[in-house]
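Residue numbers (my numbering): 22 to 263.
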Amino acid sequence: MKMNFLKSTVLMLIFLFTLLLASVAQAAPKVTLNGNQLSFDVSPTIENGRTLVPLRTIFEALGANIDWDDATNTVTANKADINVRLQIGAQTAYKNGGPVNLDVPAKIISDRTMVPLRFVSEALGADVNWDANTQTIAIVSNGIVVSQKNDIVPIVQPTNKPSQLPVVQPVPLTTPQPQPTVVEPEVIPVTTGQYVGSTESNKYHYPSCRYAQKIKSENEIWFKNAADAQAHGYIPCGVCKP
Ligand SMILES: [Zn+2]
22 MKMNFLKSTV
32 LMLIFLFTLL
42 LASVAQAAPK
52 VTLNGNQLSF
62 DVSPTIENGR
72 TLVPLRTIFE
82 ALGANIDWDD
92 ATNTVTANKA
102 DINVRLQIGA
112 QTAYKNGGPV
122 NLDVPAKIIS
132 DRTMVPLRFV
142 SEALGADVNW
152 DANTQTIAIV
162 SNGIVVSQKN
172 DIVPIVQPTN
182 KPSQLPVVQP
192 VPLTTPQPQP
202 TVVEPEVIPV
212 TTGQYVGSTE
222 SNKYHYPSCR
232 YAQKIKSENE
242 IWFKNAADAQ
252 AHGYIPCGVC
262 KP
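In structure tokens form, the structure reads like this:
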């Protein structure tokens, strides 16, 4: 008797837990496009593990133009060079004319044409991710510009103040090479030369010669070189031997 009570309690708990799981699984999933939640006039429906969403909302959110053919219950969607064709109740859809098998075909629910979200999104070049924790289907499409808070990139406002940062001059990694010493051309005054002589003598000397030191400045005669001196009739001093 006790055992039966325990068994039935456990079974009851399992039953309740299963109901809970089932209700979570059947809750209408959230659908986001590039992080922005899409709102549908008819809630998304899960059938055989596939999510169906209202046709117009999903196609227009993904930037596709749609044409509806009443005669054949067929929707044709165009986006750039992509063409998607879906017929209500048909197991085969077409992308750019190529057949694609659908697990769950498009169908009418509550007077709304519902189309398989993953097929439509992927056919139009978007990625579809399912987050079980938040029961969210996240569609990511590069070609869609969504204005929403998450998309606002903080813009760094330029300040009117001039930058207070000091300009750091780059330091050369190699030590600068010493500049070759520029030899200034020596300006030789007309009163100087390699040798000096006196107008009162016929000897020429090194300027350092003690006899050269004795020559009065007004009598100095300067020679560029020995040839110059000799050309003027001078002979080398016997002391300094120029
Ligand atoms: Zn001399």
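Each residue gets a CB set at the ideal place from its N, CA and C atoms; glycine is no exception.
Asked: Does any heavy atom of ligand 1 sit closer than 6 Å to the C-beta of Y216?; Found: no
Asked: Between V52 and V74, which are expected to be in contact by the criterion C-beta below 8 Å, what is the C-beta distance as a whole number of angstroms?; Found: 6 Å
Asked: Expressed to the nearest angstrom, what Euclidean distance is found between the alpha-carbon atoms of I109 and K100?; Found: 20 Å
Asked: Are the CB atoms of V105 and A159 within a distance shorter than 7 Å?; Found: no
Asked: Take N86 as the anchor and find which of T93, A92, R77 and G56 has the nearest alpha-carbon.; Found: R77
Asked: To the nearest angstrom, report how far apart D148 and A92 are at their CA atoms.; Found: 32 Å
Asked: Given a cut-off of 7 Å on the beta-carbon distance, is the pair Y216 and A252 in contact?; Found: no
Asked: CB-CB under 6 Å to S168, same chain, minus the five flanking residues each way: which ones, in chain order?; Found: With a pLDDT of 41 at S168, under the threshold of 50, the predicted position of this residue should be treated as unreliable, though the coordinate-derived value follows. Nothing listed; no residue qualifies.
Asked: Identify every run of the beta strand (DSSP E) within the segment 49-114, keeping only runs that are complete inside it and at least 3 residues long; order them along the chain.; Found: 51-54, 66-68, 71-75, 86-90, 95-100 and 103-108
Asked: Check whether the Cβ of Y255 sits closer than 6 Å to any heavy atom of ligand 1, and report yes or no.; Found: no
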